[in-house]
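What follows is a short report on a single structure.
Protein chains in written order, with this note's numbering: chain A, 3 to 117; chain D, 49 to 160.
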C-alpha cells in the first residue's frame, strides 16, 4: 500500500521551541514537496526537492525554516524558533517527475499548534 | 506569481444534484489536477489532465482541460453524501521543476 507517511500527526509546542516534521515519500518517487495549509492562505508551497536536491524554497521563511532530505526515504521540515503564526497543517507530497507527469500524492499532514 | 481563481468558494446542494466548479488563471498551465480533501486528511488526487481540450472521467467525475490552457472545470454527477469535502484544482508548470499551484478550494455540502 504505497502512501506518503508523515510524523507526527499532531504537535503542540510552545513559542520558541524547535519543531521537526518528518516525511517518508512513496518508494521510487523522486520529487518531494512541502506545503502549508491555513484557512487564510490555503495551500502554500514551501519547498520541493528533486532527487534529494532542493529546487525551490522561495516560499519558505529562511530565517526560521529549513528543509532537508538526508536520504531518499526521509524528508524533514524544521522550524526554529517556532512562532504562533506558524500554526497550520503541514503537508508533504511526493511524485515521480517525468516529461508530463506533475502528479503529487499527499500525506495526511502534521497539524502544528504553537502556543 | 501564478494564481488560480477557483469558484464557487462553497456550494450547498441536495443529494442527487449535479455539481460544477471551475478554475481560471491568467497564466498558462501544462497540467491541471483536481483533488478532494476530507476533514483531517491530505488532498487525494481525483483526476489529472495533460492536454489542452482533454476531457477525462473518473466514475461520476468529469474534468476538462480548457483549450486556452488557462482554465479547467470539474463536474460531479448525481451527488452522494460521501462527495462532501473540499475540492482543489491545481495547475502544473513544466519548467524542469513541475511546481503545482493550488486554487483556494470549493467546499461542497450536501443535504440528504
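Glycine included, C-beta positions come from ideal geometry on N, C-alpha and C.
Beta strand (DSSP E) runs wholly inside the region 9 to 57 of chain A, at least 3 long, in chain order = 12 to 15, 21 to 26, 33 to 40 and 44 to 52
In the structure shown, what three-state DSSP assignment does residue 74(D) receive?
-> coil
Can you tell me where the beta strand (DSSP E) with residue 75(A) in it begins and where it stops?
-> Segment: none, residue 75(A) is in no beta strand (DSSP E) and carries neither H nor E.
Could you list which residues in chain A have their beta carbon closer than 7 angstroms to that of residue 150(D), in chain order?
-> 44 and 45
Per DSSP, which one or two residues make a beta bridge with residue 70(A)?
-> 78(A)
Do you know how far the Cα of residue 104(D) is from the Cα of residue 112(D)?
-> 6 angstroms
Using the Cα positions of residue 88(D) and residue 151(D), report the straight-line distance between them to the nearest angstrom.
-> 19 angstroms
Beta-carbon proximity list for residue 106(D), same chain, < 8 angstroms, skipping 5 on both sides = 94 and 95
Residue 79(A) vs residue 17(A) beta-carbon contact at 8 angstroms | no
Which value, in whole angstroms, describes the spacing of the CA atoms of residue 148(D) and residue 160(D)?
-> 34 angstroms
Alpha carbon to alpha carbon, what distance is there between residue 91(A) and residue 144(D)?
-> Interpretation of residue 144(D) is limited by its pLDDT of 48, a score under 50 that renders its predicted location unreliable; the figure taken from the coordinates is listed afterwards. If I take the Cα positions, the gap works out to 28 angstroms.
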